[in-house]
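Protein chains in written order, with our numbering: chain E, 1 to 246; chain F, 1 to 56; chain D, 1 to 227.
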């Protein structure tokens with residue numbers, strides 16, 4: 001049953017049609033969660049007793065950082081699936097993710113830097129977490145560059161998958177860097193095995209924003225995947241039907 | 001309202017952070033949207049040319 | 001029986017690469033000359049204050065070693081790619097990973113080893129003491145093979161491209177950083193009088209990881225680049 005569904009799902013025309021509908025629904029959800037998260041974070045949540053209102057940057061900084069790691073894992077897993085089982089859709093997902101991941105990594109770094117200025121007094125510090133996040137940005141950019149530089153799309157996709165796999169070691173380094181090394185960056189408050197050590201009123205908008213960003217990733221990924229699919233299957237008959245439908 | 005805008009004196013930091021985020025995320029959706037239109041245009045162009053070549 | 005055949009091929013590839021390199025001595029000298037130049041330029045730029053130089057010595061020498069290795073990596077597969085030998089190598093009955101390992105080892109003998117041997121001289125110019133110089137040499141000895149091994153993966157991915165340059169840097173840098181960090185941490189620890197076993201062990205672990213895990217992706221990348 002599942003195999004039949006997977007088979008149907010990975011057929012290009014079916015995926016194209018389904019993703020089109022999915023994008024519309026996900027967009028509605030995105031607006032809802034964004035509104036909830038932003039209202040909760042910017043208005044409802046009480047100001048931090050130490051940092052005042054500047055802590056509200058957390059509501060973009062932390063979800064962006066979470067996404068930078070999450071997207072990398074999605075990319076690495078789908079890349080592995082593409083390498084081992086040669087599923088076209090997995091290949092497309094792994095290849096369309098890096099730009100979105102790079103965007104979130106960039107956001108995490110920039111919002112973190114803006115937050116750091118009032119909090120730590122400096123725009124940047126070379127501690128373990130910031131440095132490894134910067135390296136993650138280089139990794140994403142390298143993957144994008146590699147894909148655009150190789151002409152044959154199949155070869156390019158597989159090269160990207162290999163490099164992505166090799167770079168997976170960076171992810172645990174980023175996550176655990178605040179525990180392994182003495183860093184200026186704050187330690188983990190949400191993703192620990194204990195109860196989260198953050199006030200519930202401050203936590204809920206954070207989770208809403210996290211969900212919103214994941215929805216965003218899904219939408220952006222679907223949009224990019226459809227384009228990639230169109231480009232790869234230009235000569236297919238279903239594409240003609242799509243063109244006529246437009 | 002003014003408390004909302006001033007963010008306890010941190011207005012510059014908070015709003016520039018949210019501003020950058022909005023810009024980047026909007027671009028991240030705008031780009032594939034425009035690319036989609038471009039791709040459809042290019043493909044239909046190529047197909048028309050191909051049909052023309054076949055008819056010659 | 002097959003093992004001895006492969007081992008002989010391994011040795012043969014190393015000897016071949018070394019011989020070929022010695023016939024083009026200028027390429028050999030390039031990366032060493034670059035290394036020496038960079039290390040010598042820094043004191044001219046930051047001033048001759050020996051206290052400052054002693055502090056930046058581990059970082060400067062290691063970054064220069066990184067850059068010199070990076071420059072020399074292109075030669076790893078380029079000439080074989082251009083005259084078609086690489087395709088023949090891939091078609092041989094020997095496991096490609098083994099041949100790749102042999103080429104990397106030859107590359108390391110031609111770049112990493114000379115770097116390690118020259119480094120004490122340059123470290124002396126920066127006012128480092130003998131014990132620190134010893135640790136520097138040790139880190140270079142363990143670290144430069146890691147640089148060659150990891151660099152090989154990136155080079156194999158881009159050997160088919162005409163202008164790989166900047167992209168190569170973006171691909172390699174993220175993986176060179178841990179080596180850089182642990183190596184300089186070890187030397188700094190020695191200068192401060194702390195034990196270095198922790199950092200050295202991490203470097204050895206990275207070397208073990210690189211030795212076991214990089215030949216295979218390199219081989220796969222080569223096959224893909226040539227298809």
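All C-beta atoms in this analysis are idealised placements derived from N, C-alpha and C, irrespective of residue type, glycine included.
For residue i, the residue or residues it bridges with in DSSP
| i | result |
| --- | --- |
| residue 52 of chain E | E:48 |
Per-residue contacts from residue i into chain D (C-beta, under 9 angstroms)
| i | result |
| --- | --- |
| residue 163 of chain E | 153, 154, 157, 171, 217, 221 |
| residue 208 of chain E | Going along chain D, no residue has its Cβ under 9 angstroms from residue 208 of chain E, so there is no contact; the nearest lies around 32 angstroms. |
| residue 79 of chain E | Per Cβ cutoff of 9 angstroms: no residues; residue 79 of chain E is ~12 angstroms from chain D at best. |
Neighbour list for residue i in chain E, Cβ cutoff strictly below 9 angstroms
| i | result |
| --- | --- |
| residue 35 of chain F | 223, 224, 227 |
Burial state of residue i (16 or more Cβ within 10 Å)
| i | result |
| --- | --- |
| residue 66 of chain E | buried |
| residue 51 of chain F | exposed |
| residue 23 of chain D | exposed |
| residue 175 of chain D | buried |
| residue 26 of chain F | exposed |
| residue 204 of chain D | exposed |
| residue 190 of chain D | buried |
| residue 14 of chain E | exposed |
| residue 144 of chain D | buried |
| residue 41 of chain F | exposed |
| residue 1 of chain F | exposed |
| residue 98 of chain E | buried |
| residue 6 of chain F | exposed |
| residue 167 of chain E | buried |
| residue 128 of chain E | buried |
| residue 46 of chain E | exposed |
| residue 3 of chain D | exposed |
Contact set between residue i and chain E, taken where Cβ atoms lie within less than 7 angstroms
| i | result |
| --- | --- |
| residue 45 of chain F | Those do not exist, as residue 45 of chain F stays about 10 angstroms from chain E at its closest Cβ, beyond 7 angstroms. |
| residue 177 of chain D | 135 |
| residue 224 of chain D | 155, 158, 159 |
| residue 25 of chain F | 216 |
| residue 227 of chain D | 155 |
C-beta neighbour in chain F for residue i, strict 8 angstroms
| i | result |
| --- | --- |
| residue 56 of chain E | yes |
| residue 122 of chain E | no |
| residue 105 of chain E | no |
| residue 36 of chain E | no |
| residue 238 of chain E | no |
| residue 95 of chain E | no |
| residue 45 of chain E | no |
| residue 53 of chain E | yes |
| residue 126 of chain E | no |
| residue 219 of chain E | yes |
| residue 114 of chain E | yes |
| residue 74 of chain E | no |
| residue 28 of chain E | no |
| residue 130 of chain E | no |
| residue 178 of chain E | no |
| residue 83 of chain E | no |
| residue 31 of chain E | no |
| residue 42 of chain E | yes |
C-beta neighbour in chain E for residue i, strict 8 angstroms
| i | result |
| --- | --- |
| residue 1 of chain F | no |
| residue 29 of chain F | yes |
| residue 174 of chain D | yes |
Partners in chain D for residue i, counting only beta-carbon separations shorter than 7 angstroms
| i | result |
| --- | --- |
| residue 149 of chain E | 161, 167 |
| residue 139 of chain E | 174 |
Under 7 angstroms by beta carbon: chain F residues contacting residue i
| i | result |
| --- | --- |
| residue 231 of chain E | 39 |
| residue 60 of chain E | 17, 18, 21 |
Beta carbon proximity, residue i to chain D, threshold 8 angstroms
| i | result |
| --- | --- |
| residue 69 of chain E | no |
| residue 166 of chain E | yes |
| residue 146 of chain E | yes |
| residue 101 of chain E | no |
| residue 20 of chain E | no |
| residue 170 of chain E | yes |
| residue 142 of chain E | yes |
Cross-chain neighbours of residue i in chain F, by beta carbon under 8 angstroms
| i | result |
| --- | --- |
| residue 118 of chain E | 10, 13 |
| residue 198 of chain E | Neighbours of residue 198 of chain E on chain F: none; closest Cβ ~18 angstroms, over 8 angstroms. |
| residue 234 of chain E | 43, 46 |
| residue 243 of chain E | 40, 43, 44, 47 |
8 angstroms contact criterion, which residue i and residue j should meet: CB distance rounded
| i | j | result |
| --- | --- | --- |
| residue 122 of chain D | residue 50 of chain D | Wrong, their Cβ atoms sit about 14 angstroms apart, outside the cutoff. |
| residue 21 of chain F | residue 107 of chain E | 6 angstroms |
| residue 151 of chain D | residue 73 of chain D | 4 angstroms |
| residue 130 of chain E | residue 185 of chain E | 7 angstroms |
| residue 103 of chain D | residue 188 of chain D | With a Cβ gap of about 34 angstroms, residue 103 of chain D and residue 188 of chain D do not count as contacting. |
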